[in-house]
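*Asks:* Got a structure for you, written out below as structure tokens; questions coming shortly.
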Amino acid sequence: MTPAARISAAIEVLQDIIERRRPAVDALKDWGLSRRFAGSKDRAAVASLVYDALRRKASSSYAMASEEPRALVLGMLMGLRGLPLAEIAALCSGENHAPAPLSADETALLTAFSDDDAPDWIRADVPEWLWTAFEAAFGAMAVEEARALAARAPVDLRVNRLKASRDAVLKDLAHLQPEEGAWSPDALRFQPGHDGRGPSLQTEAPFFAGAFEIQDEGSQLVTLLAGAKPGDTVIDLCAGAGGKTLALAALMANRGNLYATDLDSRRLAPLHDRLARSGADIVDIRIPRSRGHEPLADVAGQADLVLVDAPCTGSGTWRRNPDAKWRVRPGALAERIKDQAEVLARAARLVKPGGRVAYITCSMLPEENDEAIRAFLGRHQGFAAVAPIDVLTGAESDFSLLARFATEFGLQLSPRRTGTDGFYLACLRRGD
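Below, the structure is given as structure tokens:
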């Protein structure tokens with residue numbers, strides 16, 4: 002496919018996403034299946050164009066005075082990729098599957114392209130109904146924080162301490178030009194290429210040997226700060242595919258008891274193969290038999306640490322899932338807040354006196370973070386929030402530099418602040 006044909010394809014896929022309100026990954030998959038002539042590089046390029054257009058959906062539609070897919074792509078080419086007007090016009094020749102030539106209005110709008118006079122939520126590329134929450138969380142820096150969420154994300158991996166060292170993996174992957182993570186002692190980072198994609202790490206020999214797993218550095222950091230130690234009894238209450246479970250096993254040096262469960266048992270399926278590859282043998286996967294079944298009833302009140310990777314709107318991962326921010330609705334936020342209260346109450350029953358609950362979200366919204374903790378403390382008098390500075394200085398290394406990102410009850414990471422996805426962590430201690 003020519004570069005121009007790829008742009009036409011991106012416009013087509015965006016039309017499908019917008020009309021059917023479906024995830025971008027589904028629309029891209031269907032497009033690829035119906036276009037067998039498109040090779041892997043073509044599919045990757047089209048996906049990159051689609052995701053980049055979604056990153057700047059609000060600002061592009063404002064500058065181009067249209068919410069049509071074509072306007073979103075043209076605006077992205079100018080505003081995000083910085084293509085000169087002449088190059089955009091050359092791509093839109095109308096020949097050989099290229100988009101139709103630019104109209105006079107499109108040419109004028111691209112010439113004067115700007116969102117400087119737009120409302121803050123448009124310049125930030127955040128849904129309007131969520132903007133109040135962003136301002137509450139970040140104040141005068143809200144636009145900058147949100148713009149960082151609209152940028153491309155790097156690819157991070159977590160070196161598996163049970164099988165390798167960071168120096169060894171750094172050497173093994175030197176041909177891919179990794180960088181050491183800024184915060185996590187186990188992190189390596191790969192910057193996205195010109196097409197927005199990182200290297201295919203899961204085809205590398207060290208991956209098959211269990212030397213590393215793909216995991217954002219922010220996810221690694223909040224797991225580390227949760228405070229699991231060798232010999233502890235630890236519960237990963239919302240384990241999903243097990244990224245944090247594997248990290249916990251490594252932090253515990255494969256000593257102790259580590260339980261992994263999830264209300265949706267289907268999400269646990271990938272964990273079995275990942276555990277076998279990792280060498281972690283302290284993990285006990287508990288499958289719920291029904292919605293009301295507690296598979297951890299036999300260890301209630303015994304856990305040193307309960308890690309709650311709570312269900313949330315996922316606003317902190319918008320760099321990786323830019324379509325998600327345009328699909329989330331107020332009703333979904335209300336449902337997630339309810340889910341968070343329920344899982345925290347469950348964690349409270351499982352942790353032992355003197356033990357800790359680590360509450361984690363991949364959210365930037367105060368309603369899902371500090372406000373969720375405030376509500377929990379109001380309902381559970383036997384718990385107290387651990388001061389963020391104590392969480393940071395009580396870890397295996399001194400992370401006190403992160404104290405400037407503390408909130409009332411926890412710690413808020415973000416792409417702008419820490420170069421990671423937007424994770425929140427608060428630790429709660431049950432009284433003796």
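Going letter by letter, the sequence shown gives residues 2 to 433 in my numbering. For every residue, glycine included, the Cβ atom is placed at its ideal position computed from N, Cα and C.
In this structure, does DSSP put Asp-43 in helix, strand or coil?
*Replies:* The answer is helix: DSSP assigns Asp-43 an H, G or I state.
*Asks:* Under DSSP, the alpha helix (DSSP H) around Lys-58 begins and ends at which residues?
*Replies:* Looking at the DSSP string, the run of the alpha helix (DSSP H) that includes Lys-58 is 58-65.
*Asks:* Which residue wins for smallest C-alpha separation from Glu-397, given the options Pro-186, Arg-7 and Ala-25?
*Replies:* When only C-alpha atoms are compared, the closest one is Pro-186.
*Asks:* Taking the straight line between their C-alpha atoms, what separation do you get for Glu-88 and Met-65?
*Replies:* Spanning the two alpha carbons is a distance of roughly 17 angstroms.
*Asks:* What is the rounded straight-line gap between the Cα of Leu-412 and the Cα of Ala-404?
*Replies:* Spanning the two alpha carbons is a distance of roughly 8 angstroms.
*Asks:* With three or more C-beta pairs closer than 8 angstroms as the rule, is the stretch 191-210 touching the stretch 138-145?
*Replies:* No contact exists between the stretch 138-145 and the stretch 191-210.
*Asks:* Should the stretch 303-317 be called in touch with the stretch 221-234, which here means at least 3 C-beta pairs below 8 angstroms?
*Replies:* Short answer: they touch.
*Asks:* Once DSSP output is grouped into helix, strand and coil, what is the label at Ser-344?
*Replies:* Rather than Ser, the amino acid found at residue 344 in this sequence is Val. Three-state DSSP puts Val-344 in a helix.
*Asks:* Determine, using beta carbons only, whether Arg-162 and Leu-252 come nearer to each other than 9 angstroms.
*Replies:* Yes, the pair counts as a contact, with Cβ atoms nearer than the cut-off.
*Asks:* Terminal residues of the continuous beta strand (DSSP E) containing Arg-1?
*Replies:* What the structure shows of the chain is the stretch from 2 to 433, and residue 1 is not part of that stretch, so it cannot be assessed.
*Asks:* Counting beta carbon pairs with one atom in the stretch 123-135 and one in the stretch 380-398, are three or more of them shorter than 8 angstroms?
*Replies:* As far as the Cβ criterion goes, the stretch 380-398 does not touch the stretch 123-135, which means the pair count is below three.
*Asks:* Below 7 angstroms CB to CB, which residues in the same chain sit around Ser-94 once its five sequence neighbours on both sides are set aside?
*Replies:* Closer than 7 angstroms at Cβ, skipping near neighbours: Ala-5 and Pro-102.
*Asks:* What does DSSP give as the partner residues of Cys-428 in its beta bridges?
*Replies:* Paired residue(s): Ala-359.
*Asks:* Quick one: residues in its chain with C-beta nearer than 8 angstroms to the C-beta of Arg-82, no 5 flanking neighbours on either side, listed in chain order?
*Replies:* Counting only Cβ-Cβ distances below 8 angstroms, and skipping sequence neighbours, we find Asp-53.
*Asks:* Taking only runs that begin and end inside the stretch 113-173, name each unbroken alpha helix (DSSP H) of 4 or more residues, in chain order.
*Replies:* Qualifying alpha helix (DSSP H) stretches, in chain order: 121-125, 132-139, 143-150 and 167-173.
*Asks:* Do Gln-216 and Pro-155 have their beta-carbon atoms positioned less than 9 angstroms apart in this structure?
*Replies:* Cβ atoms of Pro-155 and Gln-216: not closer than 9 angstroms.
*Asks:* Per DSSP, what kind of secondary structure is Thr-314 in: helix, strand or coil?
*Replies:* If DSSP states are grouped into helix, strand and coil, Thr-314 belongs with coil.
*Asks:* Counting only runs of 4+ residues fully inside the stretch 260-344, write out the alpha helix (DSSP H) ranges in chain order.
*Replies:* As far as the stretch 260-344 is concerned, its whole alpha helix (DSSP H) runs of at least 4 residues are 272-279 and 325-328.
*Asks:* Relative to the C-alpha of Lys-245, which candidate in Arg-159, Asp-118 and Arg-417 has its C-alpha closest?
*Replies:* The residue with the shortest Cα to Cα distance from Lys-245 is Arg-159.
*Asks:* List the endpoints of the continuous alpha helix (DSSP H) containing Glu-372.
*Replies:* Counting along the chain, the alpha helix (DSSP H) containing Glu-372 begins and ends at 371-380.
*Asks:* Pop quiz: Ala-281 and Ala-212 are said to be a contact at Cβ under 8 angstroms. What is the actual Cβ separation, rounded to whole angstroms?
*Replies:* Incorrect: roughly 13 angstroms between the Cβ atoms, too far for contact.
*Asks:* Given 8 angstroms as the limit, is there contact between the stretch 348-356 and the stretch 41-58, that is, 3 or more CB pairs closer than that?
*Replies:* In short, these stretches do not touch, since the Cβ pair count stays below three.
*Asks:* So Glu-409 and Asp-371 are in contact, right, with Cβ under 8 angstroms, and what is the actual spacing, rounded?
*Replies:* Sure, about 5 angstroms apart at Cβ, within 8 angstroms.
*Asks:* To the nearest angstrom, how far is the alpha carbon of Ile-288 from that of Gly-332?
*Replies:* C-alpha separation (whole angstroms): 29 angstroms.
*Asks:* From which residue to which residue does the alpha helix (DSSP H) around Glu-13 run?
*Replies:* Residues 4-21.
*Asks:* Identify which residue in Leu-297, Asp-265, Ala-250 and Gly-293 has its Cα closest to the Cα of Ala-277.
*Replies:* Among Leu-297, Asp-265, Ala-250 and Gly-293, the Cα nearest to that of Ala-277 belongs to Ala-250.
*Asks:* Hey, could you find the ends of the beta strand (DSSP E) Phe-191 is sitting in?
*Replies:* Taken as a continuous stretch (DSSP letters only), the beta strand (DSSP E) holding Phe-191 covers 188-191.
*Asks:* Going by DSSP, what residues sit across from Asp-237 in a beta bridge?
*Replies:* Note: Asp-237 sits in a beta bridge opposite Ala-261 and Leu-308.
*Asks:* Out of curiosity, what's the CA-to-CA distance linking Ala-325 and Met-365?
*Replies:* Each residue's Cα considered, the two are about 14 angstroms apart.
*Asks:* Classify Arg-357 as buried or exposed, calling it buried when 16 or more other Cβ atoms lie within 10 Å of its own Cβ.
*Replies:* Label assigned to Arg-357: buried.
*Asks:* Below 8 angstroms on the Cβ atoms is my guess for Asp-43 versus Arg-7; work out the distance and round it to an integer in Å.
*Replies:* Confirmed, Cβ separation roughly 6 angstroms.
*Asks:* Would Ile-374 and Ala-388 be called neighbours here (beta carbons separated by less than 9 angstroms)?
*Replies:* Contact: no.
*Asks:* Quick check on Leu-84: does DSSP put it in helix, strand or coil?
*Replies:* Residue state, collapsed to three classes: coil.
*Asks:* Could you give the DSSP three-state label for Glu-397: helix, strand or coil?
*Replies:* Three-state result, Glu-397: coil.
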